[in-house]
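**Q** What follows is a structure written as structure tokens; I'll ask about it next.
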Amino acid sequence: MTFRRRVRTIYGKELVDLLRDRRTLIAMIVVPIFLYPVLMLGSLQAITVQTQALGQRAIIVAGLGGADGPQAESLAHLQHEYDRIRALEPPAPRAENDLAAPTESAPSGGAAADADQTSAAPPLQLSWAPCGSVEEIEQRVRDRSAHVGLVFEEALTLSPDRRNLVRILYDREEPRSATAHARLEDVIARVAARINDERREALRLPPTYFDPFEVTATNLASPSSILGQILPLILVLMTITGAIYPAIDITAGERERGTLETILACPVPVIDLIVGKFLVVTTIAILGAALNLGSVCATVYFGGFNELIATAGQGIPYGQLALILLCLVPFAVLMSAIMMAVCSYARTFKEAQNYVTPVILAVLIPGGFAALPATELRGMMLVVPVGNMVLLTRELLIGAPVGTSELLTVLLSTTLYASAAVAVAAQVFGKESVVFADVESLRSTFDRRLIQPSPRPSLTMALVVTAVLFPAWFFLQSWMQSTRGAEDGIGALRRTFAAMPVMFVAAPALVAAYWKVNLRGAFCLGGASVGAWAGALLLGTSSWIVARELVVLQHNWFGMSDLAADSAAALERLLRDLSSVELVVMLGLIPAVCEEALFRGFLLGAMRSGVRKMTAIAVSAAVFAVFHFILAKLPVTFLLGALLGWVCWTTRSILPGVLIHFLHNSILTLSAAHREWFSFLPQPQEGAQDHLPAVVIVPAIALFTAGCVLIGRSAAKTAGGGAD
Amino acid sequence: MVVADNLVKSFPIAGGQKRAVDGLSFRVARGEIFGLLGPNGAGKTTTLRMLSGMILPTSGSARLAGYDVATQPFEVKRVLGFLTANTGLYLRLTPRELLQYFAELHGMDRPSARRRAEHLVDWLDMREFADIRCGSLSTGQRQRVNIGRVLVADPPVLVMDEPTLGLDVISNRLILDFIRRAGDEGKTILLSTHYLDEAEMLCDRIGFLHHGRLIAEGTLEELQQRTGLSRLSAIFLNLAAEGAESAAPAGAVS
Ligand SMILES: Nc1ncnc2c1ncn2[C@@H]1O[C@H](COP(=O)(O)OP(=O)(O)OP(=O)(O)O)[C@@H](O)[C@H]1O
Ligand SMILES: [Mg+2]
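Chains as they are written, first to last, in our numbering: chain A, 1 to 724; chain B, 1001 to 1254.
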């Protein structure tokens, strides 16, 4: 039976098994379909009622003196003016629901706080709270026994030669106080506008006399809608919670019920089992997310909350929903894998639930941070797990433009984390000591005394190390770039390459050493044959020309973005300021050693057992390319990574690759920094962005091919034909 | 049919290794019923799991139906039926679905899996409850489903780890009858048990496991002759006491 068929069989069975469980159904279907709309309608109504109530209630105004003192008199004067305006206005045409005010028409939802003056003036009820001093007024506003404080510098007089100075004291953090403040400002503004009109009319001036401008500003951004803020977090959380129950049931639950041993006695590889199960968990997580999304939309649509929820009356961007769900797929994969890995350690349902709790908390922190309105989808947030997905969902939901490279970074980093998590899940699930855990199992993964030495890192270790290094490296780079001034570019460059050995070599070496992995094996430091070295020399001296031509081709076909051109030019300027020794060490030697050690030695080496050659090389090349962050460089970096991967796989050593990488980088940087040194080579006709002449390209390709042949031969010799 | 050659399994524990199975060698001929006896923690379960290709031996080798358990675990699992008393069933599947699922896992395509499940339902007299979810079945009915599961690929070798542990009289009878019938049909059976009368009744040959070592092996008569005792329970106690003296260090922490 093939892998695909077995996985399909397992998938089908597990899906049926889970969907027959009441608990899954409740969590997946009943919760979103019923509880959700109810909750949403309820809370929205509560908000509406509350805002209405706020607008209706009498405003308690703290002021100097008693209710018949001059200050209270001034306020009464103001109110009188206001009521006069209201009486002049035509009656409000709108039929409002008279929830809180049986006598008057009620203001609509949030109108009390920010009514513009063209709309009908709502009724005003004030009550006076007498105070002895300004301090007492402040005190009363602070302890909330009054909504606002009001001080007139002098008694209110509406004569044309006087300006009335009015102080309002309020507490912006207290909603009622803020609302009361807004109401008073509104009242004063309306009275002032009315008086202006009357004076202007008395002078027979045209309406344009005082208003030389009429400005209408349209806010096109709508990120402040409640929907845009809350929905992404809800969706992401629902995807996570959707994964929890099935993940527990399918791992710890299976063990608790005694079926795990049965299934392991069947002729089914553990990997098939875990893939099947894991696909089921992912399916249910995505289904759950889709149902939640659908339920929210239906609630908004049928409940008529469109305007209240989305700003600018746009409603829900239905077109984006499909895209959002699509983006949630790698995320669901990630969360399912994490949940399965965690739950695999548990022997019982209960135990698994305990393990899941801290994971949820850990997920909520970046998720919650991303949900803050001020957080943006850029810089580090692009690679923060969970956080980046919340932000991406938000951007898509509110219809903000999301660049290709941002989208790719989020998706690729999530995919990287997901594959590491899947590998961990597979390993945990298949581990003897976990499956047949008669003794404590979690310890055996981390207790160094229980660890057996191994010649090579496991795939899981390599993937986890890379997945952790990726955001760390990204953070470090963005941090260095953000702290450097324009003149300190060299310093940032130096720091970056000083950090490289620590992150790319020391970190994996420490992990490997802790888990008793042979370090020579961990980094594939075996010797290589003379043929391999000769081949590497040929490849290293020619590959830069091939790479350069490929870049030119790419630019000719797809164009070059200004950004890429700018940064290339900036780098070139930087390089000229460095001594050639420093250039060779920093841009040639260090990356050659460090990147080969991590991507070819550690990562590719770990894939040697159990992953097919082509897949392994492609994966390591893709990770290598993604680590370079720049979209325009992706294709060529990938190809270079694939070449180096092939060399390492064939020669079973990273050393020839280091030589190639070193020569490649050094020549390329030197040729950029010191173009004059390369004047002996025939130059491209039109400039740096043009192809080199054929007299250079043809020999380069010949050298390149010869190098490949030599390397291929050396493999056949050393491995006695059994290399592949 | 089953050959164990110097099998060793050690588990890492804090401060060293524990040898749960320590140089175990024995053979079971085709059609024979071999019983593994031993006190708690003797290494019976560990041995049976190694022989079923479920866990890897630390050293030594074993073959089952000619397949190496370490290098060909899938071939081993294909020719083997594995049963323990606490083997669980998928409670949300019906017996029919469950049998079909396991048949498919053993490599049958869907139509043949369905036919095989149908056949077993008939043969084990499960018709009346074949479409009720396993969760609602009685223990006896569940044991019948379990037997059906073991026989799904008609394996020539059966491995059973304490198959009757904790079962009531009726389910117990069911399992014992099944073992006897399978033995009559010529299946090779390897079972571990605590119940000495069961072993006496069923097994052609018996091996005594103590601290991961086989301290005695033979037919009931051979064991009786060797110890001069007639009842297996007496032999068992005698051998266990002997083993405790001679083999104690081997099972200890090394
Ligand atoms: N996964 C494991 N990790 C560590 N130690 C284990 C593991 N499995 C078994 N052991 C130990 O190996 C020894 C033999 O265990 P095993 O389960 O094989 O004995 P048994 O003969 O089946 O006992 P019982 O009659 O109780 O079933 C025991 O001391 C046990 O603690
Ligand atoms: Mg046991």
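C-beta: ideal position from N, C-alpha, C; glycine also.
1) Near Leu19 of chain A, which residues of its chain fall below 6 Å by C-beta distance, leaving aside the five closest residues on each side in sequence?
2) Within the continuous alpha helix (DSSP H) that includes Leu1080 of chain B, where are the two ends?
3) According to DSSP, simplified to helix, strand and coil, what is Met1160 of chain B?
4) Note down, in chain order, every chain B residue with its Cβ under 7 Å from the Cβ of Lys13 of chain A.
5) Kindly indicate if chain A contains any beta-carbon less than 8 Å away from that of Gly1107 of chain B.
6) Just grab the DSSP bridge partners of Thr1227 of chain B for me.
7) Can at least three beta-carbon pairs, one atom from the region 1146 to 1161 of chain B and one from the region 1080 to 1090 of chain B, be found at a separation below 8 Å?
8) Any heavy atom of ligand 1 closer than 7 Å to the Cβ of Asn1006 of chain B?
9) Below 8 Å on the Cβ atoms is my guess for Val1079 of chain B versus Pro1156 of chain B; work out the distance and round it to an integer in Å.
10) Starting from His1210 of chain B and walking both ways along the beta strand (DSSP E), at which residues does that stretch end?
11) For Leu1091 of chain B, would you say it is in contact with chain A, using Cβ-to-Cβ distances shorter than 8 Å as the test?
12) Smallest Cα separation from Glu1263 of chain B: which of B:Glu1198, B:Ile1033, B:Phe1129 and B:Leu1237?
13) Could you check whether Phe523 of chain A and Ala597 of chain A sit closer than 8 Å to each other, using their CB atoms as the reference points?
14) Please classify Asp724 of chain A as buried or exposed, where buried requires at least 16 other C-beta atoms within 10 Å of its C-beta.
15) Starting from Gln427 of chain A, find everything on chain B with Cβ-Cβ shorter than 9 Å and list it in chain order.
16) Give me the subset of the region 1181 to 1192 of chain B whose CB atoms are less than 9 Å from a CB atom of chain A, sorted by chain position.
17) Out of A:Trp479, A:Arg448 and A:Ala507, which one is the CA nearest neighbour of Leu469 of chain A?
18) What residues in its chain sit with their C-beta under 6 Å from that of Arg1030 of chain B, if we drop five residues either side in the sequence?
19) To the nearest angstrom, how far is the alpha carbon of Arg163 of chain A from that of Ala193 of chain A?
20) How about Thr262 of chain A: is its C-beta nearer than 8 Å to some C-beta of chain B?
21) With DSSP as the reference, please indicate the residues paired to Pro1012 of chain B in a beta bridge.
22) Return the CA-CA distance between Glu1097 of chain B and Ala371 of chain A, expressed in angstroms with no decimal places.
23) Could you list the residues in the region 1058 to 1081 of chain B with a C-beta less than 7 Å from some C-beta on chain A, going in chain order?
24) For Met480 of chain A, which residues in the same chain have their Cβ closer than 7 Å to its Cβ, ignoring the five residues on either side in sequence?
25) Look at the alpha carbon of Ile1235 of chain B and the alpha carbon of Asp1197 of chain B, and state the distance between them as a whole number of angstroms.
26) Tell me the DSSP secondary structure of Arg1063 of chain B in three-state form.
27) Classify Ala616 of chain A as helix, strand or coil using the three-state DSSP reduction.
28) In chain order, what residues of the same chain lie with their CB nearer than 8 Å to the CB of Phe349 of chain A, ignoring the 5 residues before and after it?
29) Using a Cβ-Cβ cut-off of 6 Å (strictly less than) and excluding sequence neighbours within five positions of Arg1231 of chain B, which residues of its own chain qualify?
30) Within 10 Å of its beta-carbon, does Lys516 of chain A have 16 or more other beta-carbons around it, so buried, or fewer, so exposed?
31) Check Ile1132 of chain B in the structure and name its three-state DSSP category.
32) When every heavy atom of ligand 2 is checked, does at least one fall within less than 7 Å of the C-beta of Glu1198 of chain B?
33) Excluding five sequence neighbours on each side, which residues of the same chain lie with their C-beta closer than 6 Å to the C-beta of Ala113 of chain A?
34) Can we count Glu432 of chain A as close to ligand 2, meaning its CB is less than 7 Å from some heavy atom?
35) Helix, strand or coil: how does DSSP classify Leu1191 of chain B here?
36) Within 7 Å: the Cβ of Thr1047 of chain B and any heavy atom of ligand 2?
**A** A quick look at the data gives this:
1) Your numbering for residue 19 of chain A matches position 19 in the first sequence. Cβ neighbours of Leu19 of chain A beyond the five flanking positions: none.
2) Translated into the one-based positions of the second sequence, residue 1080 of chain B becomes position 80. Per DSSP, Leu1080 of chain B belongs to no alpha helix (DSSP H); it is in the beta strand (DSSP E), Leu1080 to Thr1084.
3) Locating residue 1160 of chain B in the second sequence gives position 160, counting from the first residue. Note: Met1160 of chain B maps to strand in three-state DSSP.
4) Looking up residue 13 of chain A in the first sequence gives position 13. What Lys13 of chain A touches in chain B: Tyr1101.
5) Counting from 1 along the second sequence, the entry for residue 1107 of chain B is found at position 107. It does: the Cβ of Gly1107 of chain B has a partner Cβ on chain A nearer than 8 Å.
6) For the purposes of this step, residue 1227 of chain B is taken as residue 227 along the second sequence, with counting starting at 1. According to DSSP, Thr1227 of chain B bridges with nothing at all.
7) yes
8) Along the second sequence, read from residue 1 onward, the residue named residue 1006 of chain B stands at position 6. Checking every heavy atom of ligand 1 against the Cβ of Asn1006 of chain B, none is found closer than 7 Å.
9) For the purposes of this step, residue 1079 of chain B is identified with residue 79 of the second sequence, where counting begins at 1. For the purposes of this step, residue 1156 of chain B is identified with residue 156 of the second sequence, where counting begins at 1. At roughly 6 Å, the Cβ-Cβ gap stays under 8 Å, so Val1079 of chain B and Pro1156 of chain B are in contact.
10) Locating residue 1210 of chain B in the second sequence gives position 210, counting from the first residue. That run of the beta strand (DSSP E) goes Arg1205 to His1210.
11) Counting from 1 along the second sequence, the entry for residue 1091 of chain B is found at position 91. True, the Cβ-Cβ gap to chain A drops below 8 Å.
12) Since the first and last residues shown for chain B are 1001 and 1254, residue 1263 of chain B lies out of range.
13) Translated into the one-based positions of the first sequence, residue 597 of chain A becomes position 597. Translated into the one-based positions of the first sequence, residue 523 of chain A becomes position 523. Closer than 8 Å, so yes.
14) Position 724 of the first sequence, counting from 1, holds the residue named residue 724 of chain A. Reliability of the predicted coordinates at Asp724 of chain A is poor, the pLDDT of 38 falling under 50, and the value obtained from them is presented with this limitation in mind. Exposed, because fewer than 16 other Cβ atoms sit within 10 Å of the Cβ of Asp724 of chain A.
15) The sequence position of residue 427 of chain A within the first sequence is 427, counting from 1. Under the 9 Å cutoff, chain B gives no residues; its nearest Cβ is about 15 Å from Gln427 of chain A.
16) none
17) By one-based count along the first sequence, residue 469 of chain A stands at place 469. When only C-alpha atoms are compared, the closest one is A:Ala507.
18) Indexing the second sequence from 1 puts residue 1030 of chain B at position 30. Closer than 6 Å at the Cβ level, and outside the excluded window around Arg1030 of chain B, lie Met1001 and Thr1188.
19) Counted from its first residue, the first sequence places residue 163 of chain A at position 163. Counted from its first residue, the first sequence places residue 193 of chain A at position 193. If you take the alpha carbons of Arg163 of chain A and Ala193 of chain A, they lie about 14 Å apart.
20) Stepping through the first sequence from its first residue, residue 262 of chain A is reached at position 262. Yes, because at least one Cβ of chain B sits closer than 8 Å to the Cβ of Thr262 of chain A.
21) Within the second sequence, residue 1012 of chain B is the residue found at index 12, counting from 1. Paired residues: B:Gln1017.
22) In the second sequence, residue 1097 of chain B corresponds to position 97, counting from 1. In the first sequence, residue 371 of chain A corresponds to position 371, counting from 1. Taking the straight line joining both Cα atoms gives about 45 Å.
23) Phe1074, Lys1077 and Arg1078
24) Working through the first sequence from its first residue, we reach residue 480 of chain A at position 480. Ala492, Arg495 and Thr496, listed in sequence order.
25) To locate residue 1235 of chain B, count along the second sequence from 1; it is residue 235. To locate residue 1197 of chain B, count along the second sequence from 1; it is residue 197. Roughly 12 Å between the two C-alpha positions.
26) Taking the first residue of the second sequence as position 1, residue 1063 of chain B is located at position 63. The answer is strand: DSSP assigns Arg1063 of chain B an E or B state.
27) Locating residue 616 of chain A in the first sequence gives position 616, counting from the first residue. Here Ala616 of chain A sits in helix by DSSP.
28) Taking the first residue of the first sequence as 1, we reach residue 349 of chain A at position 349. Ile248, Asp249, Ala252, Gly253 and Glu256, listed in sequence order.
29) As a first step, residue 1231 of chain B must be located in the second sequence, where it is residue number 231. For Arg1231 of chain B, where only same-chain residues beyond five positions count, there are no Cβ hits under 6 Å.
30) Reading the first sequence from its first residue, position 516 is the one you call residue 516 of chain A. Lys516 of chain A comes out exposed.
31) Here residue 1132 of chain B refers to the residue found at position 132 when the second sequence is read from its first residue. DSSP places Ile1132 of chain B in coil when its eight states are reduced to three.
32) Counting from one through the second sequence, the residue named residue 1198 of chain B turns up at place 198. No, the Cβ of Glu1198 of chain B stays beyond 7 Å of every heavy atom of ligand 2.
33) In the first sequence, counting from the first residue as 1, residue 113 of chain A sits at position 113. Low per-residue confidence applies at Ala113 of chain A: pLDDT is 36, beneath 50, and the placement is therefore not dependable, though the value from the model is reported in the following sentence. Excluding sequence neighbours, Ala113 of chain A sits near Thr179 and Ala182.
34) Your numbering for residue 432 of chain A matches position 432 in the first sequence. Glu432 of chain A Cβ: outside cutoff for every heavy atom of ligand 2.
35) As a first step, residue 1191 of chain B is located in the second sequence; it is residue number 191 there, counting from the start. Strand.
36) What you label residue 1047 of chain B is simply residue 47 of the second sequence in a count that begins at 1. False, no ligand heavy atom lies under 7 Å from that Cβ.
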